[in-house]
Amino acid sequence: MTETQADMQPFQAEFIEYTLQCGVLRFGDFILKSGRRSPYFFNTGLFDSGARLAKLGGFYARTMLYRGIKADVLYGPAYKGIPLVCAAAMALARETGEEVPFAFNRKEAKDHGEGGLLVGAPLTGSVLVVDDVITAGTSVRESVEIIRAAGAVPGGVLITLDRQEKGQGELSAVQEVANQFQLPVYSIITLHDILRYLETMNRRAEVEAIREYQSRFGVS
Ligand SMILES: O=P(O)(O)OC[C@H]1O[C@H](OP(=O)(O)OP(=O)(O)O)[C@H](O)[C@@H]1O
Ligand SMILES: O=C(O)c1cc(=O)[nH]c(=O)[nH]1
């Protein structure tokens, strides 16, 4: 159960433009967590100012509105998921007036003060995991375990980019996660959207390099 490929929305093209401007999306020669050499990389760590993070939050919020994603609580897995989930919750409040509580985990349990692994709102009802990318699905698996252990229900996962490349087998890492946990996985954009954007901009060298990469590791 993954997102079907719909036509690119103006806000998605705007997001791609913005990631290029910030250097979040860049082209070159990169080694991925999987060991693959990729001609492009998406570094969400470069949403590194208040203004950039606020803008990213707006794109998460617009994706939720556009896809009709509902959640009782948003959850961000440490560490990168922490600012991301804050940004998404703030943007939802700003743009819709909706006050959606959020929470995140600590990687090491705190043994003093309030203690524990979780910070923020109690995990109840349907919980949406907000993160940047999915590679092997480890972060989602841990999040699902934490959400269930708290007595709540994982309702879906929202990431920035679906690279649409093979995970362990023929399916993409995102499809594997969606199947394994029976969860919808949404992304602000997909590699397909990036390719269409680059084609429109006539950036032939980048398109060619990505298509070559796709022919080896991509999923249809
Ligand atoms: O699907 P996976 O194989 O889990 O890979 C994706 C996860 O990896 C990164 O975080 P990481 O676990 O490196 O921790 P960080 O947020 O502290 O950088 C990324 O932010 C995702 O959470
Ligand atoms: O697979 C990865 O390691 C990876 C790819 C990417 O585009 N961005 C990222 O943060 N990690």
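Numbered per the numbering used here, the sequence shown finishes at 690, counting up by one with no gaps. Cβ atoms here follow ideal geometry from the backbone N, Cα and C, with glycine treated the same way. Please read all numbers here as calculations on a predicted model, not as lab measurements.
Can you look up residue i in the DSSP assignment and give me helix, strand or coil?
i	result
Ala675	helix
Glu578	strand
Gly551	helix
Ala573	strand
Glu584	coil
Glu473	Its pLDDT being 45, under 50, Glu473 is placed unreliably in this model, and the value from its coordinates should be taken loosely. Residue state, collapsed to three classes: coil.
Val610	helix
Leu544	strand
Leu661	helix
Ser685	helix
Leu668	helix
Leu562	helix
Ile680	helix
Considering only C-alpha positions, which residue in the set the options is nearest to residue i?
i	options	result
Ile539	Leu661, Val655, Leu668 and Gly688	Val655
Arg532	Asp542, Ala558, Gln645 and Phe574	Ala558
Leu587	Gly595, Thr594, Glu578 and Leu593	Glu578
Tyr536	Gln684, Thr566, Asn649 and Ala573	Thr566
Phe572	Ala675, Gly520, Gly546 and His582	Gly546
Ser519	Tyr683, Val599, Cys492 and Ala648	Cys492
Gln479	Ser657, Glu676 and Ala679	Ser657
Tyr683	Arg506, Thr670, Asn513 and Lys525	Arg506
Gln482	Ser690, Thr630 and Ser685	Thr630
Gly528	Val543, Ile501 and Glu484	Glu484
Thr594	Ala541, Ile486, Val644 and Gly583	Ala541
Arg681	Ser508, Ile501, Phe651 and Met534	Ser508
Val627	Phe511, Leu523, Val614 and Leu502	Val614
Gln652	Tyr530, Ala521, Gly625 and Glu584	Gly625
Leu502	Ser609, Leu526, Tyr530 and Val603	Val603
Asn513	Phe497, Ala524 and Ser685	Phe497
Below 8 Å CB to CB, which residues in the same chain sit around residue i once its five sequence neighbours on both sides are set aside?
i	result
Ser504	Thr605 and Ala606
Ile552	Gly546 and Phe574
Glu669	Val677
Val689	Gln634, Glu635, Lys636, Glu640, Leu641, Ser642 and Gln645
Arg522	Cys492 and Leu516
Return the chain-ordered list of same chain residues with a C-beta closer than 7 Å to the C-beta of residue i, the five sequence neighbours on each side being excluded.
i	result
Val589	Ala573, Phe574 and Arg576
Thr474	Low per-residue confidence applies at Thr474: pLDDT is 43, beneath 50, and the placement is therefore not dependable, though the value from the model is reported in the following sentence. Excluding sequence neighbours, Thr474 sits near nothing in its chain.
Leu544	Val555, Ala558, Ala559, Val570, Phe572, Leu598 and Val600
Ala548	Phe574, Asn575, Arg576 and Lys577
Taking 6 Å as the limit between beta carbons, can you name the residues of its chain near residue i, skipping five residues before and five after?
i	result
Arg633	Leu661
Thr489	Leu495
Ala563	Glu569
Ser596	Ala541, Asp542, Val623 and Gly625
Met471	Low confidence applies here, because Met471 scores a pLDDT of 38, under 50, leaving its location unreliable; read the following figure in that light. Here the set comprises Ala648 and Pro654.
#### Entry: Uninterrupted alpha helix (DSSP H) stretches inside the region 487-542 (no shorter than 4 residues)
Whole alpha helix (DSSP H) segments, 4+ residues: 520-537.
### Query
Is it true that the region 634-653 meets the region 664-671, where meeting means three or more beta-carbon pairs spaced less than 8 Å apart?
no
### Query
Taking the runs of the alpha helix (DSSP H) that are 4 residues or longer, which of them lie wholly in the region 609-657?
If we require 4 residues or more, the alpha helix (DSSP H) runs fully inside the region 609-657 come out as 643-651.
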